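Novice: Per this note's numbering, the very first residue in the sequence shown carries number 345; after that it's consecutive.
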Amino acid sequence: MQRRFQTDAGRIDGFVTASWLALNIAAATLLGIAAHQAETTATVSPPVAELPDSVPADV
345 MQRRFQTDAG
355 RIDGFVTASW
365 LALNIAAATL
375 LGIAAHQAET
385 TATVSPPVAE
395 LPDSVPADV
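1. State the DSSP-derived secondary structure class of Thr373, mapped to helix, strand or coil.
2. If you reduce the DSSP assignment to three classes, tell me which class Thr351 lands in.
3. Below 8 angstroms CB to CB, which residues in the same chain sit around Glu383 once its five sequence neighbours on both sides are set aside?
4. Can you grab the Cα-Cα spacing for the pair Thr351 / Ala362, in whole Å?
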């Protein structure tokens, strides 16, 4: 049985593909974390306090 060895070009192509996929997965993960963080920590303004009908003059 004859073994075939992968050429250097094939190894480099495989490495580039694997690196590209890993980079895309990492970027998608970071974007997902950032989006989730933005959703859960969104600041909501409290309602504006209503002033009473009669405001004291010294205020």
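Positions of the beta carbon are idealized from the N, C-alpha and C atoms, including for glycine. This structure is a prediction, so every number in the text was calculated from the model and none was measured.
Specialist: In brief:
1. Start at 1 with the first residue of the sequence shown, and residue 373 comes out as number 29. In this structure, DSSP gives Thr373 a helical state, which the three-state scheme calls helix.
2. Translated into the one-based positions of the sequence shown, residue 351 becomes position 7. Thr351: coil per DSSP, three-state reduction.
3. As a first step, residue 383 is located in the sequence shown; it is residue number 39 there, counting from the start. Listed in chain order, the non-local C-beta contacts of Glu383 below 8 angstroms within the same chain number zero, local neighbours out to five positions each way being set aside.
4. Locating residue 351 in the sequence shown gives position 7, where the first residue counts as 1. Locating residue 362 in the sequence shown gives position 18, where the first residue counts as 1. Approximately 17 angstroms, taken between the alpha carbons.
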